[in-house]
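Which chain is which? The protein sequence lines are A and B, in order. Under our numbering, the first residue of the first sequence is numbered 1, with each subsequent residue one higher. Under our numbering, the first residue of the second sequence is numbered 1, with each subsequent residue one higher. In this text, a Cβ means the ideal position worked out from N, Cα and C, and glycines have one as well. All figures in this text were calculated on a predicted structure; none of them were measured in a lab.
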Amino acid sequence: MSVLVYTENWDGKFKKLSYEMVSLASAIAKQMGITVTALSIGHVADDELKSLGKYGANKVLNVQDNRFESLDNKALADAVAKAASKEGAKVIILAHNNEGKAIAPRVSVKLNAGLVSGVIGTPLSVNPFVVRKKVFTQKAFANIQIKSDIRVLTFAQNSFEIVENNVDTAVEVYDPQIADGEFNTKVLDTHKITGKVLLSDAEIVVSGGRGMKGPENWGGLEELGELLGAGMACSRPVSDEGWRSHEEHVGQTGKMIAPNLYLAFGISGAIQHLGGVSSSKVIVAVNKDPEAPIFEAADYGIVGDAFKVIPQLIEAVKEMKTA
Amino acid sequence: MKILVLISNVPDTTTKIRFTGDNKSFDTNGVQWIINPWDELALTRAMELKEAGAFETITVANVGTQITESTLRKALAVGADEAIRVDAVPQDAFFVASQLAKVAEGYDVILAGIEASDYNGAGVGGMLAELLGINSVSAVSGLEIENGALKVHRDIDGGSQVLSVPTPVVLIVQKGIAIEPRIPAMRGIMMARKKPLNVIAPVDAESKTEFLGFELPAPKAACKMVEEDNAKELIRLLHEEAKVL
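In structure tokens:
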């Protein structure tokens with residue numbers, strides 16, 4: 001019996017999220033006295049696959065089949081469910097993101113399993129199986145019991161710390177044998193940035209709002225972002241105005257993110273914006289208006305002009321790095 | 001082609017969230033009910049496509065007790081042609097999807113919101129597709145239909161894609177599917193009263209999950225302020241105190 005983790009990679013490297021999920025799986029497996037199997041679909045090198053053992057994966061199933069690149073929801077769910085059955089999975093963990101949300105409900109039906117989406121941290125108990133999640137769009141928590149023998153969870157990013165827990169890990173090439181007829185999604189066109197920090201996986205996010213006054217003023221933010229290895233984000237008016245790409249829009253209707261550190265410059269903090277960033281561990285706000293609602297959500301704040309503050313921050317980060 | 005839009009009945013997004021009965025259930029006292037924001041965008045896109053000639057009629061469906069009828073009437077007022085209500089208390093995503101599976105047969109395109117803004121379950125659309133044994137595409141941010149062929153835009157890590165996918169299909173939609181939700185006009189509200197709202201009995205289905213209780217988050221500690229001309233202090237605090245740098 002096992003806990004199965006559906007890992008995700010970005011350009012062939014596991015996302016931090018994947019290590020969080022394997023760490024979580026390892027904690028659950030210990031509670032239940034079972035093992036951890038990670039499933040990797042895509043082109044990931046052997047060394048990288050083995051790195052999952054550092055966080056407690058006893059086995060890694062390596063699926064290399066280009067047909068899955070179309071992210072066909074039905075075929076992917078089939079592959080995950082087959083891997084789960086083969087491994088006798090009692091718990092299946094996927095990410096609470098585009099990919100995980102697309103597959104998890106289908107997997108749960110295939111396995112006759114209960115599903116809880118957006119689970120934070122470890123289960124409160126494994127017998128009965130009770131998990132915790134946020135509800136009412138971040139305004140409350142709920143404790144939910146999954147009554148079925150098999151459980152499917154989507155995991156809220158950054159709600160469980162990566163824990164090192166070295167185990168021997170075996171990499172096994174696995175072919176779930178999905179018929180060609182199951183792949184019905186045809187990709188006509190793809191727009192994808194590469195070589196940049198992926199916003200949803202970034203540990204630090206630098207974000208700008210209308211207070212930045214125009215797209216020509218992003219130079220300082222980008223320099224700060226680069227120094228910190230941060231992902232870049234923006235508020236809704238900024239993407240609506242076309243100052244920045246809508247890929248960067250974070251908020252209730254844009255991307256929901258949960259980095260360790262969220263730095264908001266010139267963002268007033270409308271409730272819709274906070275809905276998308278309030279799971280960040282630490283929020284920093286820089287805004288001219290002392291009454292801006294962002295200060296109610298922030299841990300650290302500066303009432304002031306972003307254009308005066310940003311150069312000081314850049315200098316301080318450089319000093320910190322050389323110290 | 002036939003289109004079905006799934007409608008979830010949720011508290012207005014500005015509702016102050018409270019719980020009753022020892023924090024075991026959501027306090028519905030004084031709550032204004034609305035169409036789930038993502039379902040509202042789905043309905044708006046369905047209207048635009050109908051106006052472009054892709055569909056003759058739009059059907060909306062939900063699972064809920066009689067109190068959800070005002071939300072279905074609102075969908076009719078926006079422009080849907082008929083509504084179906086499965087008369088049951090929605091227990092969990094699997095229960096709801098099982099009910100909708102009986103309703104959704106025969107439709108070519110089924111639109112579901114990416115999640116409902118109350119319990120954020122994000123399950124019904126995908127489960128429904130699996131129960132029906134049909135395709136699904138999630139994170140859909142655009143839909144075009146030309147000569148009966150679907151062009152679906154979806155968000156992926158770091159970008160977006162355009163796909164073709166055969167029907168029948170469940171499209172799980174999010175931001176971008178429509179820009180501004182349509183609001184009912186007076187004429188629409190008058191006409192909605194005469195449009196069919198069919199109530200059907202639920203089928204037997206089990207729930208696989210159960211809410212045990214709710215909690216409100218602890219109040220946040222006050223924001224620690226740093227002076228504008230001493231911004232370097234902020235980096236020190238983030239490094240030494242918060243330990244996030």
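| query | With a Cβ-Cβ cutoff of 8 Å, do residue 231 of chain B and residue 44 of chain B count as a contact? | reply | Between residue 231 of chain B and residue 44 of chain B, the C-beta gap is not smaller than 8 Å, which leaves the two residues out of contact.
| Between the segment 206 to 225 of chain A and the segment 94 to 101 of chain A, do at least 3 Cβ pairs fall closer than 8 Å? | Taking a contact to require three or more Cβ pairs closer than 8 Å, the segment 206 to 225 of chain A and the segment 94 to 101 of chain A do not qualify as touching.
| Residue environment, residue 62 of chain B, which counts as buried when at least 16 other CB atoms sit within 10 Å | It counts as buried.
| message | Would you say residue 31 of chain A lies against chain B (beta-carbon separation less than 8 Å)? | response | Output row for residue 31 of chain A: interface = no.
| task | Quick one: list the residues of chain A neighbouring residue 2 of chain B, beta-carbon separation under 7 Å, in chain order. | result | Residues of chain A passing the Cβ test: none, with the nearest at roughly 19 Å.
| Partner residues on chain C for residue 119 of chain B, Cβ-Cβ distance less than 7 Å | Reference to chain C is not applicable here, since the protein chains of this structure are A and B.
| query | Are the beta-carbon atoms of residue 207 of chain A and residue 262 of chain A separated by less than 8 Å? | reply | Yes, these two residues count as a Cβ contact at 8 Å.
| said: For a quick check, are the C-beta atoms of residue 88 of chain B and residue 188 of chain B less than 8 Å apart? | reply: No; because the gap between Cβ atoms is not below 8 Å, this pair is not in contact.
| At a Cβ threshold of 8 Å, is residue 64 of chain B touching chain A? | Chain A, which has no Cβ nearer than 8 Å to the Cβ of residue 64 of chain B, makes this no.
| query | Ordered along the chain, which non-local residues of its own chain (more than five positions away) have a Cβ less than 6 Å from that of residue 108 of chain B? | reply | 1, 2, 167, 168, listed in sequence order.
| field | Supposed close pair residue 3 of chain A, residue 119 of chain B - CB separation, criterion 8 Å | value | About 24 Å separates the CB atoms of residue 3 of chain A and residue 119 of chain B; that is not less than 8 Å, and the two are not in contact.
| query | Between residue 139 of chain A and chain B, is there a C-beta pair that is closer than 8 Å? | reply | Yes, its Cβ sits closer than 8 Å to a Cβ of chain B.
| Contacts of residue 247 of chain A in chain B (Cβ-Cβ under 9 Å) | 155, 158, 159, 160, listed in chain order.
| query | Cα separation between residue 149 of chain A and residue 25 of chain B? | reply | Within the model, the alpha-carbon separation for residue 149 of chain A versus residue 25 of chain B is close to 25 Å.
| residue 261 of chain A versus chain B: which residues are under 9 Å apart at the beta carbon? | Near residue 261 of chain A (Cβ distances below 9 Å), the residues of chain B are 238, 242, 244, 245.
| query | Closest Cβ-Cβ distance between residue 114 of chain A and chain B: below 8 Å? | reply | Cβ-Cβ to chain B under 8 Å: yes for residue 114 of chain A.
| query | Which of helix, strand or coil does DSSP assign to residue 155 of chain B? | reply | In the structure shown, residue 155 of chain B falls within a strand segment according to DSSP collapsed to helix, strand and coil.
| said: Restricting to Cα atoms, I'd like to know which of A:108, A:238, A:168 is closest to residue 57 of chain A. | reply: Nearest C-alpha to residue 57 of chain A among A:108, A:238, A:168: A:168.
| query | For the segment 166 to 181 of chain A against the segment 46 to 62 of chain A, are there 3 or more C-beta pairs whose distance is under 8 Å? | reply | Because the criterion of three Cβ pairs below 8 Å is met, the segment 166 to 181 of chain A and the segment 46 to 62 of chain A touch.
| field | Closer than 8 Å to chain A by CB, residue 147 of chain B | value | No, its Cβ sits nowhere closer than 8 Å to a Cβ of chain A.
| request: Report the residues of the segment 298 to 310 of chain A with a CB closer than 9 Å to any CB of chain B, ordered along the chain. | output: Those would be 298, 299, 300, 301, 302, 303, 304, 305, 308, 309, 310, in chain order.
| message | Distance check for residue 180 of chain A and residue 162 of chain B, CA to CA, integer angstroms please. | response | Going from the Cα of residue 162 of chain B to the Cα of residue 180 of chain A covers about 21 Å.
| query | Where do the ends of the beta strand (DSSP E) carrying residue 41 of chain A lie? | reply | That run of the beta strand (DSSP E) goes 35 to 41.
| said: Quick check on residue 265 of chain A - is its C-beta less than 8 Å from some C-beta in chain B? | reply: For residue 265 of chain A, no CB of chain B lies under 8 Å from its own CB, so it is not counted at the interface with that chain.
| query | Are the C-beta atoms of residue 143 of chain B and some chain A residue less than 8 Å apart? | reply | Contact of residue 143 of chain B with chain A is not assigned, every C-beta pair being separated by 8 Å or more.
| query | What are the partner residues of residue 143 of chain A, as DSSP defines its beta bridges? | reply | Paired residue(s): A:132, B:213.
| query | At a CB-CB cut-off below 9 Å, which residues of chain B make contact with residue 106 of chain A? | reply | Those are 126, 127, 129, 130, 136, listed as they occur along chain B.
| query | Residue range of the beta strand (DSSP E) that residue 37 of chain B falls in? | reply | Not the beta strand (DSSP E): residue 37 of chain B falls in the alpha helix (DSSP H), residues 37 to 51.
| request: Determine, using beta carbons only, whether residue 137 of chain B and residue 171 of chain B come nearer to each other than 8 Å. | output: Yes. Within cutoff.
| said: On the CB-based measure, 16 or more other CB atoms within 10 Å of its CB, does residue 72 of chain A come out buried or exposed? | reply: Of the other Cβ atoms in all chains shown, 16 or more fall within 10 Å of the Cβ of residue 72 of chain A; this residue is therefore buried.
| request: Starting from the beta carbon of residue 139 of chain B, find every residue of chain A whose beta carbon is closer than 8 Å, and list them in chain order. | output: What residue 139 of chain B touches in chain A: 98, 101, 102.
| task | For residue 80 of chain A, I'd like the list of residues in its chain whose CB is within less than 8 Å of its CB, leaving aside the five on either flank, ordered along the chain. | result | These residues qualify, in order along the chain: 4, 6, 39, 92, 94, 103, 107.
| Comparing the C-beta of residue 195 of chain B with each C-beta of chain A, is any distance below 8 Å? | No, because no Cβ of chain A sits closer than 8 Å to the Cβ of residue 195 of chain B.
| query | Using Cβ-Cβ distances below 8 Å, what residues of the segment 145 to 169 of chain A are close to chain B? | reply | Here the close residues are 145, 146, 147, 148, 154.
| task | Quick one: list the residues of chain A neighbouring residue 163 of chain B, beta-carbon separation under 7 Å, in chain order. | result | One finds 185, 186, 187, 188 in chain A with Cβ atoms closer than 7 Å to the Cβ of residue 163 of chain B, taken in chain order.
| task | Can you have a look at residue 67 of chain B and say buried or exposed, based on whether 16 or more other CB atoms are within 10 angstroms of its CB? | result | By the neighbour-count definition (other C-beta atoms within 10 Å, threshold 16), residue 67 of chain B is an exposed residue.
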